[in-house]
Every structure is written in structure tokens, then in C-alpha cells.
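Peer 1: Questions regarding the structure given below will be posed in turn.
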Amino acid sequence: MLNMKLFKEQVELIRADHEKRGISCEPIDTVLELEAQLVDARHQMEMARKERNTAARAIGVAKKSGDAAEIERVMAEVTDLGKRIDELDEAANSLIEQRDRVRMSIPNILHKEVPVGADEGGNTQHSLHGDKPEFDFDARTHNELIEMNKWVELERAAKITGSRFFFLKGDLARLELALQSYAVDFICKRGYTFIQPPVMMNRQAYEGVTDLSDFETVMYGVEPDKLYMVATSEHPLTAMYMDEVIDTALLPIKMVGVSACFRREVGAHGLSDRGIWRVHQFTKVEQIIISDPEDSWQHHEDLLQNCIDLWDSLDLHYEVVNICTGDMGTVAARKYDLEAWLPGADAYKEIVSCSNCTDYQANRLKIRYRKKDNTHASVHTLNSTAVATSRALVAIMEQNQLEDGRVKVPEVLVPYMGKGILEPCSF
RNA sequence: GCCGAGAUCGCAUAGCCUGGUAUCGCGCGUGACUGGAAAUCACGUGGGUCCGUCCCGCGGGAGUUCAAAUCUCCCUCUCGGCGCCA
């Protein structure tokens, strides 16, 4: 959510951003109009309250002096004022609610270097990494590999939960665990603190970190308890500091979290989504930074560099992409994706997403820091995947496959696995 | 799940019984003193603001009252005790 100060002092900035995104400026005008009404309503209410406070204090004085007629007169006056205040208060609250409902739908201000484009076709290449593997046989898709090696149970999982859930078995499950440990170790060596978050959150905290429409399309709700399963550990790890003023000396706070992630994936269909590429539950190692606004763009580059170094060390071929205006979403001000090459699909597909959300989440969550001049300001929040394990498994399987369908383990993971080749499962 | 005690500005803490302007301290900021600093002293230090001897704010919500941090009820969380439990 954008700060009201921005609407009052630099509304041209918001308008210019909407032009760039190719969306209507109408909501901006609505916010300004509601704000003008609110200021007026609030002022009227304050004046009425002032009158009442003054009169009510006079009652205390009059009671001590015992002037019964005077007490009665003032009390009648105060009762009338009370009714008027209630009405004005109700009007003001309704205006705030209307204003913020519109304000929440207004997206973050983009970084000036975000490429302009209508949809994902407008994304541009940032850099290309690793060598594209060559096969002297027909490369298989990950679907074929998991089936011939019996590494994944999709149909049996469907019996007990539904489609898009899975059991991960044997060497592939062990590789998943190895990836988690390796990625956590890798990021911790760079000064991040490992944190395991809760995987459910309440509505209020969740509204602070995500787009409202996500409640319909992304999140699972746990009904009787009014909780939501987290879609990524970014959400609990960012929200954990809500309503706090952080000691400036503690910034930046750098965290690496691991959690199961739950997504409804409403409307996702198609051949490219089969297997374990797009599923309702997967595990993700995530980097989070809570930063002084002055440093956040440097941290954003650092997060990307961590990903590049990590994925280079796995010896995989991928590209880094600049996400364009039309593909950005509401919360991020700038976003890089890593897209791994999948020989089975003959395409580059998203495996990592690295965002600077600037103060957009922090405004909503009221995560502030104390500045030198003793005033408060919102922090910046950043997040980046390190590895989403199920997608990393797909990339490793497809790029490291052998002719017989077995898979070579990346060098750096061999110590975590205790073996260099993934063998088929016996059942 | 049951019983009890709590939640007050960045931190800490008083006010609650007995309703009438949010207290002391620490930290931080500004100024004075100084060659400079420390120490000391003064002022400031939740949000809003049309800058007022203004309005709001004491975990959240409702109620009683002319008036609620203060009284009543409901909820959330924390701490202690008991129970259950991987």
C-alpha cells in the first residue's frame, strides 16, 4: 500500500507510473477525492469534540461548586454534541474504509529501469549462465523420468488429497533434502540467519503481505480456525515484524527460511504444468531482507548475486530475466526471475523470483525504523527464492539425465547425498 | 482444555482500588557549557494537524457515564500452575 503522503505531495509520480503500466488513473483520483472528504469530516469532528471536552470539564468544576442549574444546562448541551460526534465519526470511518479499499488496489511505484511491456513477452534478458547441455540421445521430459524411475506417486496422492499433490520417493526425495541443506548452508555463509516459520497465518497479517485477489486464487484457508496456509515463507518472515519499530542498528535483517508452500493454482492447466512442475504443495528455501530504504537497491542486487552463485554452483544452464511492467504484479517495484532451460520442453522456465517491494508491504504491516532525527519511517522489504526444490529437481533431472534415464547428482550435492547417481526406486 | 496473573509511547515503569490533561527512568535528538569530547544542565522524543492553552491514542471490540488507561462484558496474546501430547 502506498503512503498517503505520496498521494498528497507527489501524485504526479503515481500517475506517471500508471501511464507506464498502461492502467487507468481513475483509482488515484478516487483516493484523492475521498481523502479531501475525510479531511473535512475529521475537522468537523475534531471541533465538535473540542466543544464537548471543554464543556465536560466544566461539569466537574460546576459539581464542586454545587451550581445545580448550571450542571443541568451543560449536560444537555454535551448530550447533543455526543450524538453529532457519533454521526461524524461514523462518516469518517466509512470514508477511511472506502479510501483504503481503493488505495490497496493501487500498485507499487516501479523502479525506473523496469522495461515497459504488456505481458511476459515484454520481459528482457539480463544475463545467460552455464553451458546448454547437449545430448547424443533423445532427451526425456521430467515426467518420463519420474515415471520410469518410480520417484513420484501422483495418482496415489490424488486418492488421499486430490490432483497436484505428490509423494516424493527414494533417491529423488533424498536429493530434495540435500538441496534444502545445501542451499541453507550456502546462504547462511553469507551472513543470513536460518529461520523456520509457521506455515499458517491469520487474515490480518496476511493482508499485509499480499494482493487481495490472492485470497481467491492462491491461498488455502483453514476454515474453523480462520487461518491461511502460507503460499511462501516470504509471507510469515516479512510479517513477523508487523507493528514494530526496529532499532536502526539491527538493520539490515537478513533471513533464510525454509517451509512447505501451499498454493491453490486456480485456473492452471495444460501440458507444461504436468508432473511436479506446478503443484499445490512444495518446499522452498527463501531469502528475506528487511532494510534501511537507502540500501535496498544494493541488497536487491546482492540477493540476485546469491542466486546466480548458488545456481552456478549446481552447474545448471539458465537465464536471468528483467520482469517488465505488464508482468510485475502489485507489490514489487522491481523483479528478476531466473529461468532454467528444460531440454524436455525445449524452453526456459521460471525457477527463482527476486523482488524489492520497497515500502509497499512495510506500510501495510507498519514495520518502521527510527531515523537519526528521531522520526519513524517504513523499512524496505525484499525477498528472493534461493531454491524451490520441486522445480530445482525438474531442472536437475532434465539437464543431468543419462541415456538410461538415471540422473547425475550435481558435484556440490554429492557430499549431502552420499552418492553421485540417482537410482530408480524398487516400488 | 481448566485455574490464576498480566498487556501503558523505542525499552522499562507509575497511574487503575477511589473515573476528570499519560508519570519517573533509560535510550535517542536538539541546544548550552568546551579548543574538542566526556560529565552536567535545559528542551524535545506515539499518530494527526487548519500548528491551537487543538484532536486522537494506554492489546482489540462492545457497554456504562456528561466524562473511561481507570468501571462492566466479550475476544486476542503473554506469563505461572494443572491436564493432554510428537
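Position 28 of the first sequence, counting from 1, maps to 44 under our numbering, and the rest follow consecutively.
Positions of the beta carbon are idealized from the N, C-alpha and C atoms, including for glycine.
What are the boundary residues of the alpha helix (DSSP H) that SER442 is part of?
Peer 2: Element bounds for SER442: n/a, residue is neither H nor E.
Peer 1: I'd like to check one pair, PRO309 with HIS251: are the Cβ atoms closer than 7 Å?
Peer 2: For HIS251 and PRO309, no; Cβs fall outside 7 Å.
Peer 1: Inspect the CB distances between the segment 327-334 and the segment 133-146 and report whether three or more fall short of 8 Å.
Peer 2: Contact holds: three or more Cβ-Cβ distances are below 8 Å.
Peer 1: How far does the beta strand (DSSP E) with HIS145 in it reach, from first residue to last?
Peer 2: Taken as a continuous stretch (DSSP letters only), the beta strand (DSSP E) holding HIS145 covers 140-145.
Peer 1: Using CA coordinates, which residue listed in LEU97, GLU28, LYS24 and ASP105 is at the minimum distance from ALA57?
Peer 2: Minimum Cα distance to ALA57 is reached at ASP105.
Peer 1: Thinking C-alpha only, which one of ALA408, CYS340 and GLU35 is nearest ALA194?
Peer 2: For ALA194, the nearest C-alpha among the options comes from ALA408.
Peer 1: Leaving out the 5 sequence neighbours to the left and right, which residues in its chain are closer than 6 Å to PRO9 when beta-carbon positions are compared?
Peer 2: There is no way to answer for residue 9, as the model of the chain reaches only from 17 to 443.
Peer 1: Please report the straight-line C-alpha distance between LEU161 and ALA255, rounded to a whole angstrom.
Peer 2: LEU161 and ALA255: Cα-Cα distance of roughly 39 Å.
Peer 1: Look at ARG190 and GLY360 and say whether their C-beta atoms are less than 7 Å apart.
Peer 2: No; because the gap between Cβ atoms is not below 7 Å, this pair is not in contact.
Peer 1: Taking only the alpha-carbon atoms, compute the straight-line gap between ILE75 and ASN109 and give it to the nearest angstrom.
Peer 2: Each residue's alpha carbon lies about 29 Å from the other.
Peer 1: Kindly indicate which three-state DSSP category ASP343 falls into: helix, strand or coil?
Peer 2: Correct three-state label for ASP343: helix.
Peer 1: Under the DSSP definition of a beta bridge, which residues are partnered with ILE306?
Peer 2: ILE306 is bridged to ILE269 and THR397.
Peer 1: What three-state label does DSSP hand MET217 in the structure shown?
Peer 2: DSSP places MET217 in strand when its eight states are reduced to three.
Peer 1: Are the CB atoms of THR341 and ARG68 within a distance shorter than 7 Å?
Peer 2: No; because the gap between Cβ atoms is not below 7 Å, this pair is not in contact.
Peer 1: By Cβ distance, which residues of its chain are closer than 6 Å to PHE278, with the 5 residues on each side in sequence left out?
Peer 2: Within the same chain, PHE278 has close Cβ partners TYR236, MET245 and GLN297.
Peer 1: From LEU48 to GLY186, what does the alpha carbon distance come to, in whole angstroms?
Peer 2: Looking at the two C-alpha atoms, the distance is approximately 59 Å.
Peer 1: Which partner residues of CYS370 appear in the DSSP bridge assignment?
Peer 2: CYS370 pairs with TYR352 and SER400.
Peer 1: Just verifying my parser: in three-state terms, what is the DSSP assignment at MET17?
Peer 2: Coil, per DSSP.
Peer 1: Any idea if VAL295 is buried or exposed, counting beta-carbon neighbours within 10 angstroms, 16 or more meaning buried?
Peer 2: Buried, because 16 or more other Cβ atoms sit within 10 Å of the Cβ of VAL295.
Peer 1: Answer with buried or exposed for THR95, where buried requires no fewer than 16 other C-beta atoms within 10 angstroms of its C-beta.
Peer 2: So THR95 counts as exposed.
Peer 1: Whole-angstrom Cβ separation of LYS270 and TYR208, contact assumed at under 8 Å?
Peer 2: Contact flag correct, Cβ pair sits at about 4 Å.
Peer 1: Less than 7 Å between the C-beta atoms of ASN338 and PRO123, yes or no?
Peer 2: Going by C-beta atoms, ASN338 is not nearer than 7 Å to PRO123.
Peer 1: Going by DSSP, what residues sit across from ILE412 in a beta bridge?
Peer 2: Answer is none; ILE412 lacks a bridge partner.
Peer 1: How about VAL430 and GLY436: do their beta carbons lie closer than 7 Å?
Peer 2: It is a contact, given that the beta carbons lie within the stated cut-off.
Peer 1: According to DSSP, is CYS41 part of a helix, a strand, or is it coil?
Peer 2: Three-state result, CYS41: coil.
Peer 1: Return helix, strand or coil for LYS24, following the three-state DSSP convention.
Peer 2: In this structure, LYS24 counts as helix in the three-state DSSP scheme.
Peer 1: Out of curiosity, what's the CA-to-CA distance linking PRO440 and TYR364?
Peer 2: Each residue's Cα considered, the two are about 27 Å apart.
Peer 1: Using only the alpha-carbon positions, how far apart do GLU113 and VAL215 sit?
Peer 2: Between GLU113 and VAL215, the C-alpha separation is close to 29 Å.
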